[in-house]
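So this is what it looks like as structure tokens:
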């Protein structure tokens, strides 16, 4: 148990009850069930089934469980694993969710609209003594950051942009550290990461003054040899979200960071008018800004998202970035992360 | 009227009704009446009186106005101009505020606790058809930033730390630009600035994802020769607030910035364990990060807070920083800002 876990403030880091039943409703497209499929891939041991309407064509491969069966098998939460159109629950989904709540199972959502905005769910939660948890909106007490060095080691994933693998990279690194018997925790800073870990805090949803303070709470003081692997958000050079990125960098005070990049991307995602900042500049800015709270900060790897490349181009890209940045380059989805963890433990161990 | 002022989103930038009556309650120390004294100094033409209890020793020099007199003289708002202990209104103040509201005068506060948390004020506001305005908590609809270049010119004040003159520098520069007949607006990003300008948005109070978007709304598209002088917040190297600073930099997309500094400060304010980052590093980081949304960004001046120096040391410090940074150094509270505005108009005009 890390020392800071006894602080009363730690309650602001959200806890979600496992195991999960993944709610699919009657979603028609697999691409709209990304959260459910991500949970099945990243924490299969925590996903005991799926809950869906009879006409739902999407299948996670997990057993179908009616709410009563799910409760009998000890389900902790039904997770809304889909991104519905308009960000709202559909009326035909509510009866299943009401049954789950009445059976004492929490309902958890990462949607923009709040579960507590549905009176029938609020009433059912009261009847079943279950909780409605809005991962995106959770706001507990948070202090402002103070930048004081905390015991324990920390790695942060940063990126040249959003949506290119910061969460998956952090998960893969945590898994490899644990595989080697090292004390390590994935520290979630977004809603899907929080669901995977069962614990976390969506830093982009806190009041701006508290970004760094939230990051400090997410990776509290720990044993000297313990690694927190912190899920990064945004990019220092994303015109919308850089503030979140910088507060997360300062609050995480990482000893090491891995920079995540998509070698095929030349413009900021969703912003054709903004050129992507070169990866070398992101690395340099991360070091110079990160030194404020950890003078020892260093880059230990490049995580390349090579999904769009064939095997030859992938090998060439990995060699190219490894040469340019002087640290191991890897794609956590395509190949292992052993080399970068070797390098991390040599460089920052 | 700037073009973007017709956007429906612009309503998220708060408007406060002038003229003001400054509420002092029975505050005992002048230092606890900083907001009232700042408003008297920076917008004297908007302050028609003060409202205080008989035993209040603090005096702004403005005429004492009872709520009825204030209404008769056209007061728009009673501004809570004091920082009460514990951040809460004292019970003995409420009757005066109730009378003001019943007379149709808005009550405006920058306190942490919300005015709407006092049922007697809510009821009085309804009776008088007046508004309760919490400057610190206001949350209208805000879009995420998109980094698109807007017409008009912008200057941002940045700093090596908090609380060393960013707001006053921006106000002094705006005043000088207007004195020269140039179209210019002070753009407030904090609660006191909002009260001075009668319009603004506290960027540190928005949800983290929307910092840059809020900054974009605060200085919307304008005429090509119009200057927005944007009040800076925090510092890129403040462990608590840097995220706000970076989002404000990206969203403001400044053509020019003035860096504010206290030459006697060696540690971050309130954080003895964090060394102040050298001013040259702050300038360089501001340019490199700011280039994302405005490649033409440049430093046009150093605003030194020399209140703690005698005249000889002040002259020496100004010469030293001017030499080090190659731009005019000035103290807006001690001497004029003519030279820096000359430089601004030559360099970025």
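Protein chains in written order, with the numbering used here: chain Y, 1 to 349; chain X, 350 to 698. Just so it is clear, CB atoms sit at the ideal spot from N, CA and C, and this is done for glycine as well.
Candidates Y/295, Y/232, Y/217, Y/51, of which the one nearest residue 303 of chain Y by Cα: Y/232
Three-way DSSP call (helix, strand, coil) for residue 241 of chain Y in this model: coil
In angstroms with no decimal places, state the Cα-to-Cα distance between residue 204 of chain Y and residue 210 of chain Y. 10 angstroms
Chain Y within 7 angstroms of residue 642 of chain X, Cβ atoms only: By this cut-off, residue 642 of chain X is an interface position.
Neighbourhood of residue 376 of chain X by C-beta, 7 angstroms cutoff - its chain only, sequence neighbours within 5 removed: Close CB contacts of residue 376 of chain X within its chain, under the 7 angstroms cut and outside five residues either way in sequence, are with 382, 405, 407, 431 (chain order).
Chain Y contact for residue 588 of chain X (CB, 7 angstroms cutoff): yes
Under a Cβ-count criterion, where at least 16 other Cβ atoms within 10 Å of its own Cβ denotes burial, should residue 15 of chain Y be classed as buried or exposed? Exposed, since its Cβ has fewer than 16 Cβ neighbours within 10 Å.
Mind the definition here: the stretch 280-289 of chain Y touches the stretch 182-190 of chain Y only if three or more C-beta pairs lie below 8 angstroms; say whether that holds. no
Can a CB atom of chain X be found closer than 7 angstroms to the CB of residue 261 of chain Y? no
Let me check understanding here. Comparing Cα to Cα, which of Y/271, Y/276, Y/108 lies closest to residue 264 of chain Y? Y/276
Starting from the beta carbon of residue 728 of chain X, find every residue of chain Y whose beta carbon is closer than 9 angstroms, and list them in chain order. Residue 728 of chain X is absent from the structure shown; chain X starts at 350 and stops at 698.
Length-filtered (4 minimum) alpha helix (DSSP H) runs lying within the stretch 196-275 of chain Y: As far as the stretch 196-275 of chain Y is concerned, its whole alpha helix (DSSP H) runs of at least 4 residues are 211-218, 242-252.
Since residue 638 of chain X meets chain Y, which of its residues come closer than 8 angstroms, beta carbon to beta carbon? 236, 237, 242, 285
Could you tell me which residues DSSP puts in a beta bridge with residue 159 of chain Y? Y/260
Going by beta carbon distance, what residues of the same chain come within less than 7 angstroms of residue 213 of chain Y, once the five residues before and after it are set aside? 142, 143, 144, 145, 251
Short check: CB of residue 412 of chain X to CB of residue 398 of chain X, under 7 angstroms? yes
Host beta strand (DSSP E) of residue 20 of chain Y (start-end): 20-25
If you reduce the DSSP assignment to three classes, tell me which class residue 302 of chain Y lands in. Residue 302 of chain Y: strand per DSSP, three-state reduction.
Using a Cβ-Cβ distance under 7 angstroms, would residue 537 of chain X count as near chain Y? no
Is the shortest distance between the beta-carbon of residue 493 of chain X and the beta-carbons of chain Y less than 7 angstroms? yes
Residue 628 of chain X lies in the alpha helix (DSSP H); which residues open and close that run? Counting along the chain, residue 628 of chain X sits inside the alpha helix (DSSP H) bounded by residues 628-639.
Which of helix, strand or coil does DSSP assign to residue 659 of chain X? coil
When you compare only the Cα positions, how much space is there between residue 321 of chain Y and residue 565 of chain X? 35 angstroms
With DSSP as the reference, label residue 424 of chain X as helix, strand or coil. coil
Let me see if you follow: with CB-CB separation under 7 angstroms, is residue 215 of chain Y close to chain X or not? no
Using 10 angstroms around the beta-carbon of residue 451 of chain X, count the other beta-carbons present and answer buried if the total reaches 16, otherwise exposed. buried
Residues near residue 279 of chain Y by beta carbon distance below 8 angstroms, same chain, minus five either side: These residues qualify, in order along the chain: 160, 259, 261, 302, 321, 324, 325.
Among Y/127, Y/153, Y/98, which one has its Cα closest to the Cα of residue 115 of chain Y? Y/98
Any idea if residue 380 of chain X is buried or exposed, counting beta-carbon neighbours within 10 angstroms, 16 or more meaning buried? exposed
Which residues share a DSSP beta bridge with residue 28 of chain Y? According to DSSP, residue 28 of chain Y bridges with nothing at all.
Nearest-angstrom Cα distance between residue 273 of chain Y and residue 646 of chain X? 18 angstroms
Own chain residues within Cβ distance below 6 angstroms of residue 46 of chain Y, not counting five before or after: 18, 19, 20
Can residue 133 of chain Y and residue 158 of chain Y be called in contact, C-beta distance under 7 angstroms? Cβ distance not < 7 angstroms, so residue 133 of chain Y and residue 158 of chain Y don't count as in contact.
With three or more beta-carbon pairs closer than 8 angstroms as the criterion, would you say the stretch 537-557 of chain X touches the stretch 466-475 of chain X? no
Three-state secondary structure (DSSP) of residue 191 of chain Y: helix
Determine the burial state of residue 340 of chain Y: buried for a count of at least 16 other Cβ atoms within 10 Å of its Cβ, exposed for fewer. buried
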